[in-house]
Amino acid sequence: EPEVTQTPSHQVTQMGQEVILRCVPISNHLYFYWYRQILGQKVEFLVSFYNNEISEKSEIFDDQFSVERPDGSNFTLKIRSTKLEDSAMYFCATTYLIGETQYFGPGTRLLVL
Amino acid sequence: GENVEQHPSTLSVQEGDSAVIKCTYSDSASNYFPWYKQELGKGPQLIIDIRSNVGEKKDQRIAVTLNKTAKHFSLHITETQPEDSAVYFCAANGGYQKVTFGIGTKLQVIP
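Below you can see the structure in the form of C-alpha cells.
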C-alpha cells in the first residue's frame, strides 16, 4: 500500500538555526499539508499546498515558515530561525482530491534546544 | 473557523467491552468527518470516515454515527482488543481543505 514518508524521523537543533523537514507524498496525490503536534496536545493544521502554491495557512504559519516542492517529488517545510516553542512532531499529509482522505506520514520529531 | 470538541480524554475498558468516543463540531459547513488512530511514535492513521450525506457507517468492529442537526458524531468500537489501545482523534473539515482535530481520546483496553 502506498504511504507518505518523512525524513528525518528525529531532528535536534539549536535555537535560531534553520531546519528543513522533508516529505515524499503518495505518487498521484496533488494536495499536500503540514500539521504539527506539540507533546500531549492536538494535531494542528499549519499549511496546505496545491499546484505549487499555498492554498491555506493557519496563524501558526508565520514568516518563519515556508513550504515548497523543489523537485516535483519532495515536499518540504522550512523553519528559518527555530524557537524553543517549535519543538513538536511535524506531520506531512497528502490527498488526491480536496475533501478526500488525508494520509499522514510517520512524522518528524523536532527538538529545539 | 471550525472547532471540534472531543470527550472523554481518557477511556479504560475491559477487553471485549465496547468503547464510545463522542465529538461535536461547530461549523455547519463541515461535510467530512474522519477518525484517526495514533499509536505511540506514529502518525495518525485513518480508521473510518463519514460524510454528511450518511448517518451511520460500519466497518467490522468499528462504527461511526453522525447527527448533522445536533452537530454530533461518535465512534463506536465493539469487542475491544488490547491492540485497540491508542489515542483516537475525531476531526472535521469545516468545508475547507484542512481538517480540524479534536483533543484526542486515550483508549486503554485492559486484558
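So the sequences go chain by chain: A and B. At position 87 of the first sequence the residue is numbered 87 (this note's numbering), and the sequence of numbers has no breaks. With the second sequence counted from 1, adding 1000 to any position gets you this note's numbering. Virtual Cβ for every residue (Gly too), placed ideally from N, Cα, C.
Among the options, nearest to residue i - alpha-carbon criterion
i, options, result
"S1030/B", "S1018/B, I1047/B, G1094/B", "G1094/B"
"S1085/B", "V1099/B, E1005/B, E1015/B", "E1015/B"
"D71/A", "P2/A, N51/A, A88/A, L111/A", "N51/A"
"T95/A", "Q41/A, V43/A, Y33/A, I60/A", "Y33/A"
"Q1081/B", "D1027/B, G1041/B, Q1108/B", "Q1108/B"
"P106/A", "G99/A, Y90/A, I98/A, E100/A", "Y90/A"
"I20/A", "Q64/A, E44/A, F104/A, Y103/A", "Q64/A"
Beta-bridge pairing of residue i - partner residues as DSSP gives them
i, result
"F65/A", "I79/A"
"L111/A", "V12/A"
"Y31/A", "Y50/A, T95/A"
"I1110/B", "Q1014/B"
Contacts that residue i makes with chain B (C-beta to C-beta distance below 7 Å)
i, result
"Q102/A", "V1099"
"V43/A", "P1044, F1089, F1101"
"Y90/A", "The premise fails here: Y90/A is roughly 10 Å from chain B at the closest Cβ pair, so nothing lies under 7 Å."
Neighbour list for residue i in chain A, Cβ cutoff strictly below 8 Å
i, result
"N1093/B", "G99"
Burial state of residue i (16 or more Cβ within 10 Å)
i, result
"T108/A", "buried"
"K1058/B", "exposed"
"K1037/B", "buried"
"A93/A", "buried"
"S48/A", "buried"
"K83/A", "exposed"
"P25/A", "buried"
"L39/A", "exposed"
"Q1006/B", "buried"
"P1044/B", "buried"
"L77/A", "buried"
Amino acids of chain A, ordered along the chain, whose beta-carbon sits closer than 7 Å to that of residue i
i, result
"P1008/B", "The contacting residues do not exist; P1008/B stays about 15 Å from chain A at best."
"G1104/B", "K42"
"Y1032/B", "G99"
Listed by chain order, chain B residues near residue i by CB distance under 9 Å
i, result
"Y31/A", "Q1097"
"P8/A", "Here the premise fails: no neighbours, minimum Cβ distance about 14 Å."
| task | Please go through the stretch 1017 to 1091 of chain B and give each complete beta strand (DSSP E) segment of 3 or more residues, from N-terminal end onward. | result | 1019 to 1025, 1032 to 1038, 1045 to 1051, 1056 to 1059, 1062 to 1067, 1072 to 1077
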